[in-house]
């Protein structure tokens, strides 16, 4: 240890055994002096009871196998010795009644009692929590170790141990160093991180110092984003103090706490727990008033929570619908808009009340405007798919629903195209709407989607076509497309993975009224497929098979 005393530098060359002897010698002196004091009897009685516990703690500490190898032991003995000296000095002042006022001495004695509590607690922690065994090399020795990885791990263990012992200022320094280490080599920290270290960090989140809470949540945010200790973080009681920081922390504290919740809320169980601990309201407030990064993190957290069906009503009661639509319109970051879109898709998945709320707050218009932007469209189209059956045809037309759907089918991702096809299925409940969809030019795009690699995309496309071809003018459009019959016949494949079979049968049955289409179906192998589908009792397959076989028979006779 090196201490600065003015211009003089004093280097501590005493061993840990020397410091142990020194502390052991000071204890009886301090106890005897304390017993001689006549003033402040209640306070001194408490101090004496704590002084008398020190020998057994020192004995436990010195009997540990790692005692002489651990720099933490030496530092702990130095701290105990310093407190004992202070007790002796205060006892002398009290006996001579040489102190600057009664209130000041009472305050000094209370501070001494607190330091003794800290010394006793830290000695116990070194033994009970395994910290002593984890930090087995002094920093200087570890740094010169011939095994670099072992040295790094040893240094990191000691650093983590310092989060659990010592006064607040020491923990400040440990947090600063830990944050730097995690920036440089996060894996080194994660490799030696223990549950007790997590518990110590969570405890520091409740410290009275705003600065230490801010430093702590910065470290916790890194741990949460690493994805390697979520269960420990949650089980050690992280959520309540984290939510309080979102509610009333500094700007940086709110940001780091919200990002931590974003990562942790990916688990449905944790998402429910966030709701249970009152996390919805502060997250919604961040969406309303937070800076760009915090707003995006809060929106993503709420999106994750909205994926849990049973808490959606809780979200609605806190006003999430209006907030998400507002984010969709004017979120600071593009990510906020995307998360808002995904959240609205989740909220409208099955709850009719939430669907009505989104519609009444102007959600359909906002979702359609979102489709004009550069962001991923899948969630927005998915939300629209959930809503279209609850609004009138006139409203959809006035909002420009079909042109935007065409745009998605032409240039959207496969997921967005699938959602668009599903929206068409839901909206085509009347002849009028089927006519409008056909006239808008959706059919060729749906036929092309029948070739998608995704089974579900092929299924919704076939379902949409089977609905549209019930209208004669739409059937004509399908017949004119050279790819329609070949693509639909391919979807007669009886394999279990092919979920579009029944829709392909229905579509082909509507097209089989013309000789040309029947010949095409036969030439592409529809009869072989239909025989297998008939055995599987797929609706309509037997009737279509009979029509094609009669056509094939007539064709044979006509050739003769």
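Numbering (this note's numbering), first residue to last: 259 to 818. Yeah, the Cβ is synthetic: ideal placement off N, Cα and C, and Gly gets one too. Fair warning: this is a prediction, and the values are worked out from it, not measured in the lab.
_Between residue 542 and chain C, is any beta-carbon pair separated by less than 8 Å?_
Of the protein chains in the structure, only one exists, and it is not chain C.
*Where residue 487 falls: helix, strand or coil (DSSP)*: In the chain shown, residue 487 corresponds to position 229, counting from 1. In the structure shown, residue 487 sits in coil (DSSP, three-state: anything other than H, G, I, E or B).
*Cα separation between residue 517 and residue 497?*
Taking the chain shown and counting its residues from 1, the one referred to as residue 517 is at position 259. Taking the chain shown and counting its residues from 1, the one referred to as residue 497 is at position 239. Cα to Cα, residue 517 sits roughly 12 Å from residue 497.
*So is residue 520 buried or exposed if we call it buried at 16+ other beta carbons inside 10 Å?*
Taking the first residue of the chain shown as position 1, residue 520 is located at position 262. Buried: at least 16 other Cβ atoms inside 10 Å.
*If we ignore side chains and look at the alpha-carbon of each, how far apart do residue 699 and residue 798 end up?*
Here residue 699 corresponds to residue number 441 of the chain shown, with the count starting at 1. Here residue 798 corresponds to residue number 540 of the chain shown, with the count starting at 1. Each residue's alpha carbon lies about 28 Å from the other.
*From 379, 732 and 579, residue whose alpha carbon lies closest to that of residue 618*: Taking the first residue of the chain shown as 1, we reach residue 618 at position 360. Nearest in C-alpha terms to residue 618, of all of 379, 732 and 579, is 579.
*If you drop the 5 nearest sequence neighbours on each side, which residues of the same chain put their C-beta closer than 8 Å to that of residue 591?*
Residue mapping note: residue 591 aligns to position 333 of the chain shown, counting from 1. Contacts found: 550, 551, 553 and 554.
*asked:* Let me confirm a value: residue 611 is counted as buried when at least 16 other C-beta atoms fall within 10 Å, else exposed. Which label applies?
replied: As a first step, residue 611 is located in the chain shown; it is residue number 353 there, counting from the start. By the neighbour-count rule (16 or more Cβ atoms within 10 Å), residue 611 is not buried but exposed.
*Span of the alpha helix (DSSP H) holding residue 738?*
Numbered from 1 along the chain shown, position 480 holds the residue referred to as residue 738. Run containing residue 738: 730–738, per the alpha helix (DSSP H) assignment.
*To which residues of the same chain is residue 512 closer than 6 Å at the C-beta, ignoring the five residues directly before and after it?*
The count along the chain shown starts at 1 and reaches residue 512 at position 254. Only 504 and 552 meet the Cβ criterion.
*Please confirm if the stretch 431–441 is in contact with the stretch 464–481, defined as three or more CB-CB distances below 8 Å between the two stretches.*
yes
*Using DSSP with H/G/I as helix, E/B as strand and the rest coil, what is residue 599?*
In the chain shown, residue 599 corresponds to position 341, counting from 1. Helix.
*Straight-line Cα distance separating residue 465 from residue 421*: The count along the chain shown starts at 1 and reaches residue 421 at position 163. The count along the chain shown starts at 1 and reaches residue 465 at position 207. So the two alpha carbons sit approximately 12 Å from each other.
*Span separating the alpha-carbon of residue 348 from that of residue 320*: Residue mapping note: residue 348 aligns to position 90 of the chain shown, counting from 1. Residue mapping note: residue 320 aligns to position 62 of the chain shown, counting from 1. In a straight line, the C-alpha of residue 348 is about 28 Å away from that of residue 320.
*With distances taken from CA atoms, which of 633, 525, 697 and 634 is nearest residue 655?*
Residue numbering aside, residue 655 sits at position 397 when the chain shown is read from its first letter. When only C-alpha atoms are compared, the closest one is 697.
*Label residue 426 either buried or exposed according to how many other C-beta atoms from any shown protein chain fall within 10 Å of its C-beta, with 16 as the threshold for buried.*
The residue you call residue 426 lines up with position 168 of the chain shown. Taking all protein chains shown into account, residue 426 has fewer than 16 neighbouring C-beta atoms within 10 Å of its C-beta and is therefore exposed.
*Would you kindly work out how many angstroms separate the C-alpha atoms of residue 802 and residue 773, rounded to a whole number?*
Within the chain shown, numbered from 1, the residue matching residue 802 stands at position 544. Within the chain shown, numbered from 1, the residue matching residue 773 stands at position 515. One C-alpha to the other measures close to 13 Å.
*Where does the unbroken alpha helix (DSSP H) through residue 782 begin, and where does it stop?*
On the chain shown, residue 782 is found 524 positions in, with the first residue counted as 1. That residue, residue 782, is in no alpha helix (DSSP H); it is neither H nor E in DSSP.
*Would you mind sorting residue 264 into buried or exposed? The rule is 16 or more other CB atoms within 10 Å of its CB.*
Looking up residue 264 in the chain shown gives position 6. Because the pLDDT at residue 264 is just 43, under 50, the model does not fix this residue reliably, and the value given afterwards should be weighed accordingly. Residue 264 comes out exposed.
*For my contact list, residue 529 and residue 562 are in at a C-beta cut-off of 8 Å; report their separation, rounded to the angstrom.*
Translated into the one-based positions of the chain shown, residue 529 becomes position 271. Translated into the one-based positions of the chain shown, residue 562 becomes position 304. Confirmed, Cβ separation roughly 6 Å.
*Which residues bound the alpha helix (DSSP H) around residue 672?*
Residue mapping note: residue 672 aligns to position 414 of the chain shown, counting from 1. From DSSP, the alpha helix (DSSP H) with residue 672 extends over 672–685.
_Once the 5 residues before and after residue 284 are set aside, which same chain residues still bring their CB inside 8 Å of it?_
Counting from one through the chain shown, the residue named residue 284 turns up at place 26. So the qualifying residues of the chain are 339, 342, 343 and 346.
*Going by CA-CA distance only, name the one from 684, 335, 710 and 621 that's closest to residue 382.*
Working through the chain shown from its first residue, we reach residue 382 at position 124. Closest option to residue 382, Cα to Cα, is 335.
_Buried or exposed by the 16-neighbour rule on C-beta atoms within 10 Å, applied to residue 689_ = Along the chain shown, read from residue 1 onward, the residue named residue 689 stands at position 431. Classification for residue 689: exposed.
_Contact check, residue 671 vs residue 709, beta carbons under 8 Å_ = Taking the chain shown and counting its residues from 1, the one referred to as residue 671 is at position 413. Taking the chain shown and counting its residues from 1, the one referred to as residue 709 is at position 451. Their beta carbons are not under 8 Å apart, which means residue 671 does not touch residue 709 by this criterion.
*Alpha carbon to alpha carbon, how far is residue 581 from residue 372? Give it in angstroms, no decimals.*
Stepping through the chain shown from its first residue, residue 372 is reached at position 114. Stepping through the chain shown from its first residue, residue 581 is reached at position 323. Their Cα atoms are separated by approximately 48 Å.
*Three-state secondary structure (DSSP) at residue 355?*
Taking the first residue of the chain shown as position 1, residue 355 is located at position 97. Here residue 355 sits in coil by DSSP.
*DSSP three-state assignment for residue 420, whether helix, strand or coil*: Working through the chain shown from its first residue, we reach residue 420 at position 162. DSSP places residue 420 in coil when its eight states are reduced to three.
*Determine, using beta carbons only, whether residue 325 and residue 274 come nearer to each other than 8 Å.*
For this step, residue 325 is matched to residue 67 along the chain shown. For this step, residue 274 is matched to residue 16 along the chain shown. Against a cut-off of 8 Å, the Cβ pair of residue 274 and residue 325 comes out as a contact.
*Have a look at 759, 769, 771 and 566 and flag the residue whose alpha-carbon is nearest the alpha-carbon of residue 794.*
Translated into positions along the chain shown, residue 794 becomes position 536. Nearest C-alpha to residue 794: 759.
*asked:* Does residue 275 come out as helix, strand or coil in the three-state DSSP assignment?
replied: Walking along the chain shown from the start, residue 275 turns up at place 17. Looking at residue 275 - three-state DSSP - the assignment turns out to be helix.
*Starting from residue 588 and walking both ways along the alpha helix (DSSP H), at which residues does that stretch end?*
As a position in the chain shown, residue 588 is number 330, starting the count at 1. Segment 578–588, the alpha helix (DSSP H) holding residue 588.
*From residue 359 to residue 291, what does the alpha carbon distance come to, in whole angstroms?*
Here residue 359 refers to the residue found at position 101 when the chain shown is read from its first residue. Here residue 291 refers to the residue found at position 33 when the chain shown is read from its first residue. Going from the Cα of residue 359 to the Cα of residue 291 covers about 20 Å.
*When the Cα atoms are used, what is the spatial distance from residue 631 to residue 674?*
Reading the chain shown from its first residue, position 373 is the one you call residue 631. Reading the chain shown from its first residue, position 416 is the one you call residue 674. If I take the Cα positions, the gap works out to 14 Å.
*Mapping DSSP to helix, strand and coil, what is residue 535?*
Along the chain shown, read from residue 1 onward, the residue named residue 535 stands at position 277. Residue state, collapsed to three classes: coil.
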